[in-house]
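Peer 1: No gaps in the numbering here: position 17 of the sequence shown is 19 in the numbering used here, and each next residue is one more.
Note that the Cβ used here is the ideal one computed from N, Cα and C, for glycine as well.
Note that the coordinates shown come from a computational prediction; the quantities given were computed from them, not determined experimentally.
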Amino acid sequence: MSATFAAQGNEKKLSKCISPAGKVTYTTKRCPAGHREEVMREQLSLIQFAEKARKTPDVGPKEADESDLTYYLRSNYGGTNWVENIQRSYLEQYNAVVVVDTFRLHKLEGICRATQKWISEHPHPIFELRDMRFEFTTGSSFDTRYVTQGKCDYRLR
Numbered sequence: 003m004s005a006t007f008a009a010q011g012n013e014k015k016l017s018k019c020i021s022p023a024g025k026v027t028y029t030t031k032r033c034p035a036g037h038r039e040e041v042m043r044e045q046l047s048l049i050q051f052a053e054k055a056r057k058t059p060d061v062g063p064k065e066a067d068e069s070d071l072t073y074y075l076r077s078n079y080g081g082t083n084w085v086e087n088i089q090r091s092y093l094e095q096y097n098a099v100v101v102v103d104t105f106r107l108h109k110l111e112g113i114c115r116a117t118q119k120w121i122s123e124h125p126h127p128i129f130e131l132r133d134m135r136f137e138f139t140t141g142s143s144f145d146t147r148y149v150t151q152g153k154c155d156y157r158l159r
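1. Can you tell me whether Ile-49 is helix, strand or coil according to DSSP?
2. Just reading off the alpha helix (DSSP H) that Asn-78 is part of, what are its end residues?
3. Could you tell me the alpha carbon to alpha carbon distance between Thr-29 and Lys-18, rounded to whole angstroms?
4. Alpha carbon to alpha carbon, what distance is there between Tyr-73 and Pro-34?
5. Which runs of the alpha helix (DSSP H) fall wholly inside the segment 73-145 and span at least 4 residues, in chain order?
6. Leaving out five residues before and five after Trp-120 in sequence, what residues of the same chain have Cβ atoms less than 6 Å from its Cβ?
7. Per DSSP, Thr-27 forms a beta bridge with which residues?
8. From Arg-76, Ser-69, Gly-24 and Lys-15, pick the residue whose C-alpha is nearest to that of Gly-112; which is it?
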């Protein structure tokens with residue numbers, strides 16, 4: 003350990019990061035995008051941090067939190083041809099928003115059906131989720147490309 007680091011103190015914020023696949027890692031930095039973050043303990047020494055990280059096994063899908071939409075979609079629909087197109091998700095009042103990198107109709111409809119199932123199975127304590135919407139990584143607007151004919155039923159304009 004360098005003298006500079008020791009002079010700054012060796013106390014860090016320890017975060018537990020859970021990947022969409024359920025793999026657990028510990029870090030003193032922010033968790034990567036798409037990972038759930040839990041602050042384990044403030045003021046944990048780096049030696050304590052290293053010991054804990056070495057001893058902690060990965061959690062499987064049963065133990066991970068399915069209230070996270072991205073995790074839910076990736077863990078329950080891993081065999082689909084659309085799961086790889088999900089970049090991230092977030093919630094806003096009345097909508098679950100899924101950010102995707104595809105314009106293929108059958109993929110969007112599959113993601114929509116799975117998201118609607120998640121909305122009905124996992125009521126959110128803060129957001130009153132009623133529906134979902136898409137955002138594209140390209141910045142394109144959903145409404146300029148597609149017409150919604152029914153729930154999860156889209157057609158090209």
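Peer 2: For this structure:
1. Sequence index remark: in the sequence shown, residue 49 carries index 47 (1-based). Helix.
2. Within the sequence shown, residue 78 is the residue found at index 76, counting from 1. DSSP places Asn-78 inside the alpha helix (DSSP H), whose first and last residues are 71-78.
3. Translated into positions along the sequence shown, residue 29 becomes position 27. Translated into positions along the sequence shown, residue 18 becomes position 16. The straight-line gap separating the alpha-carbon atoms of Thr-29 and Lys-18 is approximately 7 Å.
4. Here residue 34 corresponds to residue number 32 of the sequence shown, with the count starting at 1. Here residue 73 corresponds to residue number 71 of the sequence shown, with the count starting at 1. In a straight line, the C-alpha of Pro-34 is about 13 Å away from that of Tyr-73.
5. Fully enclosed alpha helix (DSSP H) runs of 4 or longer: 107-123.
6. Translated into positions along the sequence shown, residue 120 becomes position 118. If we look at Trp-120 and ignore the five residues flanking it on each side, its Cβ neighbours are Leu-71 and Tyr-74.
7. Mapped onto the sequence shown, residue 27 falls at position 25. Residue pairing for Thr-27: DSSP places it in a beta bridge opposite Cys-19.
8. Counting from one through the sequence shown, the residue named residue 112 turns up at place 110. The alpha carbon of Gly-112 has as its nearest neighbour, out of Arg-76, Ser-69, Gly-24 and Lys-15, the alpha carbon of Arg-76.
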